[in-house]
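Here the sequence shown is numbered in my numbering, starting from 6 and rising by one per residue.
Single-structure report; data block below.
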Amino acid sequence: MFTLRSCHSISHIIKHPFLERTSINSSKMMIQGTISYQRRKLVGRTTFHDRKRPYATNSLARQSHAGFAQLDTNTDEDIESNFRYVDAFKAKLIFQQVWKKIEQYYGIQNIRLPRELFFLMGAPGAGKGTHTPSILHSRGIKNLPIGVSDLLQSPECRKLKDQGLLISDAHVVELMLHAIIQSPHPETGVLIDGFPRTQIQAEVLSLFYEKWTDLRLQYGAQFPRPSFRICVLYIDEETSIHRQLARGFKIRQHNQHVRLTGQGELWHERVTDSDEVLIRERYRTFQSNYDSLLQLAHSFPFHLIDASGNSQQVLKSILKELDYQASFELDIDLYDTLAHIPTAKKVGLHHQQSLIGRLDYYHETEPATLQKAIQYIDLHILPQLLEHSCPGRLSIPMKQISDQRFMNMVVDVLSEKGFQVSRNDQITMVPKQVDLATGNITLEEHLSHSIVFDFPRQFDSILQTSR
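Spelled out as structure tokens, the structure:
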């Protein structure tokens with residue numbers, strides 16, 4: 006753990022937005038106090054779409070990179086990003102706790118996961134129930150669909166749902182995992198209707214994928230290659246309201262006929278199918294979490310279907326999209342061949358953990374040298390940063406510095422403060438003497454060092470905002 010003492014010794018260099026935070030939105034968690042260590046725990050775990058981010062490489066063997074962290078800012082966009090970090094941290098805690106319960110309940114040797122998980126989402130009234138049988142048939146799924154709303158049938162849950170509210174994420178995740186594992190035909194697949202619905206649930210989905218990948222690598226054939234698909238049926242608000250009201254009217258007519266004749270079975274009537282205020286609230290709940298769904302497109306096969314047409318048109322679009330996306334799947338043997346290579350997210354997490362450990366070690370074993378490194382940043386680095394910090398790349402020479410450990414300390418401190426920074430060691434051949442008789446020139450190697458900063462293009466707007 007990076008001690009609080011170390012944090013205090015370097016916190017003055019650049020003011021981090023987590024050091025002073027006021028409430029941005031009363032519905033979100035207030036984050037206050039000196040918790041830059043908590044930020045470090047969150048960075049590297051949070052963006053599940055990082056799975057597709059390319060590795061950072063450099064052909065120069067003598068160039069050591071010091072991390073991929075983005076610049077800390079005080080913009081509204083960055084504040085929202087930090088809230089996503091908090092959601093990701095909460096998601097990690099939820100998944101760890103739930104998965105621990107799952108392993109204790111079944112035993113890892115008895116857990117069987119299906120060939121494929123198909124997550125079907127959509128706006129209220131988009132037709133998920135209508136198109137589910139066709140999707141099951143096209144994917145060869147023999148298991149009955151798992152409806153998340155069907156899993157939550159206690160009186161307490163029903164009351165919350167009737168009010169258009171959501172159930173605890175941890176409760177939803179645990180019930181869903183039990184239902185997946187207990188599916189009678191894991192050799193085919195499972196369709197889950199109504200998950201994920203929140204940012205935290207979307208994060209949990211990626212954590213589940215990572216866990217599944219690790220299980221496949223560790224236990225082999227007991228766990229099939231993880232295959233996740235996301236399908237979102239989209240309609241606009243007015244179409245959603247019209248369809249829900251029509252559905253409610255049809256259900257009420259049917260139930261009235263059953264009560265009058267005594268024939269048939271009563272259909273479940275939702276309060277939200279007759280109250281337009283609650284119907285609009287349901288749609289806005291879906292809309293508020295729509296961005297969370299779209300982020301999954303960076304990690305999994307993702308199908309966004311316009312469901313505003315008639316049933317046949319929508320079904321045709323769904324089947325066409327599924328066939329198209331199937332052409333992008335890796336062969337299972339190739340998947341296993343590549344499985345041991347870590348993802349960019351894991352590499353970034355390893356770097357962050359190592360960075361914290363190194364700073365702790367510097368503080369405990371070489372506090373005087375660490376203090377000199379901080380003073381060097383104050384005197385030689387910060388003035389140039391403040392003068393030249395515009396979008397692009399800034400290279401600052403480290404003149405008359407040859408101590409490798411000292412330079413590493415400087416880079417680590419700057420990296421901890423959120424800079425995208427690297428150290429560049431360059432060999433230059435300098436003429437030393439000339440043989441006048443032969444014309445031969447004797448060259449001497451000269452090693453120079455510099456600190457390189459990369460500033461994203463949005464940094465310019467950040468500077469304007471902070472003035």
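Glycine is no exception: its CB is placed at the ideal position from the N, C-alpha and C atoms.
Here the structure is a predicted model, which is why all the values come from computation and not from measurement.
In this structure, the CA atom of V178 is about 37 Å from the CA atom of D365. Within the same chain, and ignoring the five residues on either side of D198 in sequence, the residues whose Cβ sits closer than 6 Å to its Cβ are L125, K133, P150, G152. In the DSSP assignment, P402 is bridged to S455. Burial check for I205: the Cβ neighbour count within 10 Å reaches 16 or more, so the residue is buried. Beyond the five residues adjoining it in sequence on each side, K106 comes within less than 8 Å, by CB distance, of E179 in the same chain, given in chain order. Of all C-beta pairs linking the segment 205 to 215 to the segment 300 to 312, three or more are shorter than 8 Å, placing the two stretches in contact. If you ignore the 5 residues before and after L399, its C-beta comes within less than 6 Å of the C-beta of H393, F458, all in its own chain and listed in chain order.
The three-state reading of DSSP puts D219 in helix, counting H, G and I together. The shortest C-alpha to C-alpha distance from G444 to any of S143, P436, H176 is the one to P436. Secondary structure at F124: strand, using DSSP grouped into helix, strand and coil. Here the alpha carbon of L441 sits roughly 46 Å from the alpha carbon of M414. Within a 10 Å sphere around the beta-carbon of L419 sit 16 or more other beta-carbons, which makes this residue buried. Beta-carbon to beta-carbon, P191 and L118 are separated by about 6 Å, close enough to satisfy the 8 Å threshold. Residue burial annotation: V103 is buried, with at least 16 other C-beta atoms found within 10 angstroms of its C-beta.
Here C162 has I172 as same chain residues with Cβ atoms under 6 Å from its own Cβ, once five neighbours each way along the sequence are excluded.
Residue pairing of L210 in beta bridges, as defined by DSSP: absent, with no partner found.
Contact between R221 and F228 holds: CB atoms are separated by about 5 Å, below the 8 Å threshold.
When C-alpha distances from T277 are compared across H259, F254, Q261, the shortest belongs to F254. As the crow flies, the alpha-carbon of Q425 is around 14 Å from that of L387. Between L320 and H308, the gap from beta carbon to beta carbon reaches 8 Å or more. Collapsing the DSSP output to three states places L149 in coil. For R257, the enclosing alpha helix (DSSP H) stretches over residues 242 to 266. Within the DSSP secondary-structure output, D198 pairs in a beta bridge with L125, G152. The secondary-structure analysis by DSSP pairs P436 across a beta bridge with L448. Close CB contacts of E274 within its chain, under the 6 Å cut and outside five residues either way in sequence, are with I256 (chain order).
DSSP, reduced to helix, strand and coil, places N429 within a strand of the structure shown. Along the length of the segment 368 to 393, whole alpha helix (DSSP H) runs at least 4 residues long occupy 372 to 381, 387 to 393, reported in chain order. Membership of F305 in any alpha helix (DSSP H) is not indicated, and neither H nor E is assigned to it by DSSP.
Look at G397 here: in three-state DSSP terms it is strand. In the DSSP assignment, the residues bridged to D311 are Y239.
With a cutoff of 8 Å on beta-carbon distance, G127 and Y239 are scored as near each other. In the structure shown, F228 falls within a coil segment according to DSSP collapsed to helix, strand and coil. Residue environment: T266 is assigned as exposed (fewer than 16 neighbouring CB atoms within 10 Å of its CB, all protein chains considered). About 6 Å separates the beta carbon of L452 from that of D430, a gap short enough to meet the 8 Å contact definition. Residue range 281 to 293 is occupied by the alpha helix (DSSP H) that includes E281. The residues V263, in chain order, have a CB closer than 6 Å to that of G269 in the same chain once the five nearest residues on each side in sequence are set aside.
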